[in-house]
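Using this note's numbering, you'd call the opening residue of the sequence shown number 988 and step up by one each time. Structure first, then comments.
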Amino acid sequence: MAEQRNGAGTGRRPMRVLLMIAALLAAVFAVFMIWSLFGGNDASAPGLTPGQTAEDGAAGTQGETVNGDSKTGGGEAPAGEGDSAAGANQDNAVALLDSQVTQAELDAVYDIVIQNGRVINPETQLDEEGLHVGIKDGTVGVVTSKPLKGERTIDATGLVVAPGFIDNLSYDPNPLGVWNKIADGVTTNIAMHGGTSSPAKWYAYYERDKPPVHFGASFFYTQARNQFKLSRYAGANADQIAKLKQQAEEALNNGALGISFSLEYVPGITSEEVLALMELAKEYNVPTYFHGRYSDMEEPGTNFDTMNELIGYARASGAAVHIDHINSTGGTFSMKESLAMIDEALAEGLDITACLYPYNYWGTYLNSARFDEGWQERFRITYEDLQIAGTSERLTAETFRKYQKEGKLAVAYAIPEQDVVDAFQAPYVMIGSDAILEPGHNNHPRASGTFARTLGLYAREKSVITLSEAIAKLSLMPAQRLEKQVPALQKKGRIAKGMDADIVVFDYDTVIDKSTVEQPDLYSEGMEYVLVNGQVALDQGELNKSVRVGQAIRSEFVRFKETAGSLNWGTGSYPLVAYNDEVYVDLAAFTEQGYALAWDKLSLTYTLDKTAAGSAGASESKASQQPKSGELMLERGYQVKTADKQSELISIGERAFVPLKFLEDTGLKVSNEGDVWTADAA
988 MAEQRNGAGT GRRPMRVLLM IAALLAAVFA VFMIWSLFGG NDASAPGLTP
1038 GQTAEDGAAG TQGETVNGDS KTGGGEAPAG EGDSAAGANQ DNAVALLDSQ
1088 VTQAELDAVY DIVIQNGRVI NPETQLDEEG LHVGIKDGTV GVVTSKPLKG
1138 ERTIDATGLV VAPGFIDNLS YDPNPLGVWN KIADGVTTNI AMHGGTSSPA
1188 KWYAYYERDK PPVHFGASFF YTQARNQFKL SRYAGANADQ IAKLKQQAEE
1238 ALNNGALGIS FSLEYVPGIT SEEVLALMEL AKEYNVPTYF HGRYSDMEEP
1288 GTNFDTMNEL IGYARASGAA VHIDHINSTG GTFSMKESLA MIDEALAEGL
1338 DITACLYPYN YWGTYLNSAR FDEGWQERFR ITYEDLQIAG TSERLTAETF
1388 RKYQKEGKLA VAYAIPEQDV VDAFQAPYVM IGSDAILEPG HNNHPRASGT
1438 FARTLGLYAR EKSVITLSEA IAKLSLMPAQ RLEKQVPALQ KKGRIAKGMD
1488 ADIVVFDYDT VIDKSTVEQP DLYSEGMEYV LVNGQVALDQ GELNKSVRVG
1538 QAIRSEFVRF KETAGSLNWG TGSYPLVAYN DEVYVDLAAF TEQGYALAWD
1588 KLSLTYTLDK TAAGSAGASE SKASQQPKSG ELMLERGYQV KTADKQSELI
1638 SIGERAFVPL KFLEDTGLKV SNEGDVWTAD AA
């Protein structure tokens, strides 16, 4: 028996050792996970916008912030040792925020103070509770944890305070549908899937109509093309293309925000037509929006053909491309592969974004080209998978033919849920509804519920994305897609001092869409307040239809007229140009003065090296030549940097211009007498 006991004891020792080792490994893993969550997550620097890295981002102006990924679900950080680290980060963020507030700002009496909310500013990744937002004359005056005084105070305790949502894939702001947008948190309604061929008339009409949301539109190529009474299967000829391009240019100068194409609905549109307009979009620095040509994986014509076509247009023209509702067009049944194609295009330096609506069923008119022969095979559905919007009626072969003649709108249960999830998680994919409620209610429920559904279903319930990521996709990213030539959008999609007071306040625990296929007009729940231009259009969940302060959102262009003086530098004399109260000189002047410039097309950045000899001589450079009168002066996002300084550039034609103050950053002494400037070694 003793031998048996000893043998048993000897056999247990290795097991105890293994258990001790396992416990030690578990402890090490736990420490590593805590460090990863709260101390080691430096994949993106503070202030980066969604999809940027520390290499190509820029620090935010609102201060250091807590990484949005640490605030999931209802906003609570994980319990345990990480609480102290998260708390310290929060304290630092709030302290830095408060350090930027002046006493005058604290003493002011604001029109409205939104008090004690969880404020999320996606541009700077600010995500902090207990903050106050002071609003004056339609503008955010201050964001702080310190007490503020207001004519009206909105208690946002337990609520999220976010920038008003921007629906950049909507339609005309009709008097019915705009209120469903407000109830869904939307403050800016932009018709980029469709739009108008006559923006001067379009904008004038809605300015008279006074909608509660801000509004803007693209130049809608299909509508313009209809003037020639072409079949949707016929291409335009050279003369027609030239006229359409001329009309598009006129439209851009009348405020159109970009150019939109619907290739699947008008399959006769040729590449010659598209590229002519793409070249114009590149020249004017505006994006092009595409409903792709194919929406399935059945030959001939697949999603891969759609992606190759659109990416090819971006490559050939250099213009920015936005892919409409990729979950229903271009990515259905192939989302991972379609997104991988975009990833490769982005790595190449092309400017491509996309959007989705948060539904696994699409909707369109039964008499459209989408329902041409073979639709069952293409979309992997039957008549039973079609439902007339606004009703509970599923279709049969007989009713399909009847309603097709009537042009009824039907929803199609034809999108794999995983495709929606994968699209949500791509950093360059934002949200767009592709709908606005129309009289008669023959609509997809996305017309009323897109934005609340993103928050309630995909962020809160399914945890597909974080709340901070959702807010960025609903507000900041649509603004950034269009803002290069739209100054109004540069102040939307953010909550910070000086930004427009377009704000939504919602309960993250309850926000959800209520609209259905049968009842697409039902308002979303959980939206408590919606402010447009500082006016409360949704007040404690109730619409205030007396607030109709929406403003026109237009493209704006500056053209070169005359020089702002000259710069004498070394043996060269260079014309100066004025833009937004700053004076600029051609960047190529540096190469004439012995510097080297290297261009990185991925970051859109010139690197200036003053220790290397420049390759361009005075005879090769246009730096000493005056720009042509009427040339566009554009902000394309180009930059120039040295080892420790950087500056934004503007473009005039093919030339890049740098602010004169950047010369001082490189160590030069710059002085002027009137409009004659001189640069010398310091």
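Positions of the beta carbon are idealized from the N, C-alpha and C atoms, including for glycine.
Between Leu1591 and Thr1257, the alpha-carbon positions lie close to 31 angstroms from each other.
As the crow flies, the alpha-carbon of Gly1164 is around 4 angstroms from that of Leu1424.
Under the Cβ criterion (8 angstroms, minimum of three pairs), the segment 1153 to 1167 counts as touching the segment 1410 to 1422. Here Gly1394 is exposed: its Cβ has fewer than 16 other Cβ atoms, across all protein chains shown, within 10 Å. In the DSSP assignment, Tyr1390 falls within the alpha helix (DSSP H) that extends over Ala1384 to Glu1393.
CA-CA distance, Asn1103 to Asp1489, rounds to 18 angstroms. In the structure shown, Lys1484 adopts coil according to DSSP, grouped into three states. In the DSSP assignment, Ala1397 forms a beta bridge with Thr1351 and Ile1375. Under the 10 Å beta carbon count, Asn1295 is surrounded by fewer than 16 other beta carbons and is classified as exposed. Sequence-distant Cβ neighbours of Ser1658 in its own chain, meaning closer than 6 angstroms and more than five residues away, are Thr1665. The beta carbon of Gly1182 is closer than 6 angstroms to those of Ala1204, Ser1205, Phe1207 and Ser1247 in its chain, skipping five residues each way along the sequence. For the 8 angstroms CB-CB criterion, Ala1466 and Leu1476 form a contact. Nearest to Val1408 by alpha-carbon distance, out of Thr1383, Leu1396, Glu1380 and Ala1457, is Ala1457. Within the same chain, Leu1353, Asn1354 and Phe1358 come within 8 angstroms of Gln1391 by CB-CB distance, once the 5 residues on both sides are set aside. Annotation: the continuous beta strand (DSSP E) that includes Gln1626 extends over Gln1626 to Lys1628. Taking each of Phe1577, Ser1542, Met1514 and Tyr1445 in turn and checking the Cα distance to Leu1655, the smallest one comes out for Phe1577. Ile1101 has its alpha-carbon roughly 16 angstroms from the corresponding atom of Val1081. Between the beta-carbon of Ser1315 and that of Ser1282 there is about 6 angstroms, and that keeps the pair under the 8 angstroms contact cut. In this structure, DSSP gives Asn1079 a helical state, which the three-state scheme calls helix.
In this structure Ser1321 is in contact with Asn1290, their Cβ atoms being roughly 5 angstroms apart against a cut-off of 8 angstroms. Counted as a single uninterrupted DSSP element, the beta strand (DSSP E) harbouring Tyr1097 occupies residues Val1096 to Asn1108. Here DSSP, grouped into helix, strand and coil, assigns Ser1658 to strand. Between Ala1225 and Gly1255, the CB-CB gap reaches or exceeds 8 angstroms. For Ala1306, no beta strand (DSSP E) run applies, since DSSP gives it neither H nor E.
The count of Cβ pairs closer than 8 angstroms, one atom from the segment 1434 to 1452 and one from the segment 1122 to 1131, stays below three, leaving the stretches out of contact. Secondary structure at Arg1623: coil, using DSSP grouped into helix, strand and coil.
Counting only the Cα atoms, Leu1463 lies some 35 angstroms from Ser1616. Taken through DSSP and simplified to helix, strand or coil, Asn1429 comes out as coil. Contact between Pro1199 and Ala1583 does not hold, since the beta-carbon distance rounds to 54 angstroms and is not under 8 angstroms.
Pairing Arg1302 with Lys1588, the inter-Cα distance amounts to about 13 angstroms. With a cutoff of 8 angstroms on beta-carbon distance, Ile1402 and Tyr1348 are scored as near each other. By a beta-carbon distance limit of 8 angstroms, Thr1131 contacts Leu1084. Their separation comes to about 6 angstroms. Between the alpha carbons of Asp1662 and Tyr1561 lies a distance of about 12 angstroms.
Per DSSP, reduced to three states, the secondary structure at Leu1118 is strand. Here Ala1149 has Ile1107, Ile1458 and Val1491 as same chain residues with Cβ atoms under 6 angstroms from its own Cβ, once five neighbours each way along the sequence are excluded. Phe1215 is classed as exposed because its beta carbon has fewer than 16 other beta carbons within 10 Å across all chains shown.
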